[in-house]
Amino acid sequence: MSDLSAFSLAGKRIAVTGANTGIGQGIAISIARAGGTVIGIGRSAMDETARLVEANGATFLSRKTDISNANAAVAMLKDLMESGPLDGLVNNAGIIRRADAVDFTEEDWDAVMDVNLKSVFFLCQAYGRQCIEAKRLGRIVNIASLLSFQGGIRVPSYTASKHGVLGITRLLANEWAAKGINVNAIAPGYIETNNTEALRNDPDRSKSILERIPAGRWGVADDIGDAAVFLLAPASNYMHGAVLPVDGGWLAR
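Numbering follows the working numbering, with no gaps: position 192 of the sequence shown is 193.
As structure tokens, then:
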């Protein structure tokens, strides 16, 4: 497909976890610009996202759910899919805990893994199962990270979870590509979000990060949102198990 319609999400309903702020909000807005209906999923109010999506002429629906509880998240998704077809799922919600590896607690390990990896897999499972049973095409976009490829510093559970997200993406693509479900991932670089606020407020760390990024700037949520639209749209029909680094050239350095 070579015309502009290959990048359209008109008539599509897309669920986005963690849509209240940051990358999730950027993805929601980009979906709206592409003509899709956005269903925001998260435990926080999404009023600002709703306003921005509707300002782009699209519909926004919200489902309040604690993503850290996999059972509750899956129950919510099943209920959502019973109310109407779901054309895509973006697993964006994520948290981060920072501490030296020698001091890292089991509580911080479990908290991050529950949100970033466990719920991601079981939401994918629930969505994929419904698509397969209904013989419907489906799209899953998982938000990975540069730390799906690298070790990072002082973020052991986050690094482990994002390595896992990439592995799950590839595994599900192997199992589901022939069933009409595209499973791909985006690896954001250093983006201006709440998760990177501590780094941006540290002059030395911020300077060293910017010096390594060929583009010479921190990314913004729209950079990730537009990549997500590509993976949700017909333009990426033959992409399965891919991971798109959107990192200003970080991994190329």
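Don't be surprised by glycine CBs; every beta carbon is placed ideally from N, CA and C.
By alpha-carbon positions, which one of the options ends up nearest to residue i?
i	options	result
GLY181	LYS163, ALA74, ARG140, ILE144	ARG140
MET240	ARG130, ARG218, ASN185	ASN185
THR262	GLY129, THR197, MET47	This structure cannot speak to residue 262, because the chain is shown only from 2 to 254.
ALA94	TRP110, LEU148, LEU118	LEU118
SER84	ALA35, ILE40, TRP251	ILE40
GLY37	LEU62, ARG254, VAL75, ALA222	LEU62
GLY217	ALA188, ALA228, SER158, ARG254	ARG254
ASN238	ASP223, ALA174, GLN131	ALA174
ASN123	GLY152, LEU90, THR60	Just to set this straight, residue 123 is Phe in the shown sequence, not Asn. The shortest C-alpha separation from PHE123 is found at LEU90.
ASP103	GLU176, LEU211, SER158	Note that residue 103 is Val in the sequence shown here, rather than Asp. Comparing Cα positions, the closest option is SER158.
PHE150	HIS164, GLU107, SER209	HIS164
GLY250	ASP224, LEU232, ALA236	ASP224
SER146	THR197, ALA20, LEU211, SER45	THR197
What residues are listed by DSSP as bridge partners for residue i?
i	result
VAL91	VAL17, VAL142
LEU62	ILE40
GLY220	ILE192
Could you pull the start and end residues of the alpha helix (DSSP H) that residue i belongs to?
i	result
LYS79	71-83
LEU200	198-201
LEU245	Note, LEU245: premise wrong, no alpha helix (DSSP H); beta strand (DSSP E) at 244-247.
THR50	48-56
GLN126	120-135
TRP251	Counting along the chain, TRP251 falls outside any alpha helix (DSSP H), and DSSP gives it neither H nor E.
ARG206	204-213
MET114	107-114
ARG98	First-last for ARG98: undefined, no H or E at that position.
Within this structure, are the beta carbons of residue i and residue j separated by less than 8 Å?
i	j	result
SER1	SER120	Outside the displayed span of the chain (2 to 254) sits residue 1, for which this structure offers no information.
VAL166	ASN183	no
VAL230	LEU10	yes
MET82	ARG64	no
THR18	GLY25	yes
ILE214	GLY242	no
ALA234	PHE8	yes
VAL221	GLU193	yes
ASP111	ARG14	no
THR170	VAL75	no
ASN72	ALA33	no
LYS79	ALA16	no
CYS132	ASN92	no
ARG130	VAL113	no
Name the two residues that bound the continuous beta strand (DSSP E) containing residue i.
i	result
ALA186	182-189
VAL156	Counting along the chain, VAL156 falls outside any beta strand (DSSP E), and DSSP gives it neither H nor E.
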